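A quick write-up on the structure given underneath.
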Amino acid sequence: MKSTATLLAALITVSLSGCIINVNGANAGPLNHQKKQLQIDANDIDTLVAETGAGDLKIQGVDGLAQIMVTADIYTYGDIESNLSLKQSGSKATLVAEFDSSINFQRSPYIDLTIQVPSSMMLDIDDGSGDIEINGLSANITLDDGSGDVWIKGGNDLNIQDGSGSIDISNTTGKLTLEDGSGSITLSGIGGDTHIDDGSGDLSVENVNGHVVIDDGSGDIDVDNTLGLSIIESGSGDLSVDNINGSVSMH
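Rendered as structure tokens:
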């Protein structure tokens, strides 16, 4: 019996000698919360460039505001540090709020951001995951989003690329270009020509002061009150069209 136990122990030792076992105690513990605030003078800045990872993002445009004000709620583990900064370069301010992408987290740390900017400031956002809410802006918005719901009220020309999650956009003054992977889309009160390239999910478009172009994979489509409509592809799902005050084409 003793020789059998000795042999078993030797086999276990040999087996483990060829393995690398990575045990990160920080992944097992509770999230640590830290709040940080950043601020920069916005008088000579016309665009906020934001590079954000996981976490919710809320941006509020404020009339007459002379600063960019950021409140970051950081949720992390142990000694895992966040990369958080706000710097000016010429007429742009760059906000970075993320973690080292080379680290493989079993439980993802994240940063929730609340940002106030002048209402006339343009946005250029590259976001990883989490919900996004933008309100009160009158300028152009460019957004490249991985996953999470997107809600935008206001803005001029919008260029949106989204992976997954629902999208709700309303009360813009300019044109809209939207490319979406999956999730429902609701558009209302769009100020100019609108081009939608949608993978899957229901699509509702109403009150557009311009021509609407739709290329859709699957899901119901409901269009009401636009200045023209072109449907390149409607995919699968029901189609409802009303009050089109302009040319209509369907392929």
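Under mature numbering (1 follows the signal peptide of the UniProt record, and there is no 0), the residues of the sequence shown are numbered -28 to -1, 1 to 223, in order.
Note that the Cβ used here is the ideal one computed from N, Cα and C, for glycine as well.
Just so we're clear, the structure is a prediction, and the values are computed from it rather than from any experiment.
In the structure shown, the three-state DSSP call for Y49 is coil.
For the pair I17 and L37, the Cα-to-Cα distance works out to about 12 Å. Contiguous beta strand (DSSP E) elements confined to the segment 63 to 129 occur at 64 to 70, 82 to 90, 94 to 101, 104 to 109, 113 to 119 and 122 to 126, taking only those with 3 or more residues. In the three-state reduction of the DSSP assignment, D152 falls in the strand class, which pools E and B. For the pair I87 and G207, the Cα-to-Cα distance works out to about 39 Å. Fully enclosed beta strand (DSSP E) runs of no fewer than 3 residues occupy 148 to 154, 157 to 162, 166 to 172, 175 to 180 and 184 to 190 of the segment 143 to 193, in order along the chain. Within a 10 Å sphere around the beta-carbon of K59 sit fewer than 16 other beta-carbons, which makes this residue exposed.
By the C-beta criterion, the segment 51 to 69 is judged not to be in contact with the segment 105 to 123, since fewer than 3 inter-stretch pairs fall below 8 Å.
D196 carries a strand assignment under DSSP once its states are collapsed to helix, strand and coil. Annotated three-state conformation of I141 is strand, per DSSP. Taking C-beta atoms as the reference points, S80 and G33 fail to come closer than 8 Å.
With contacts defined as CB atoms closer than 8 Å, I157 and V185 fail to qualify as a contacting pair.
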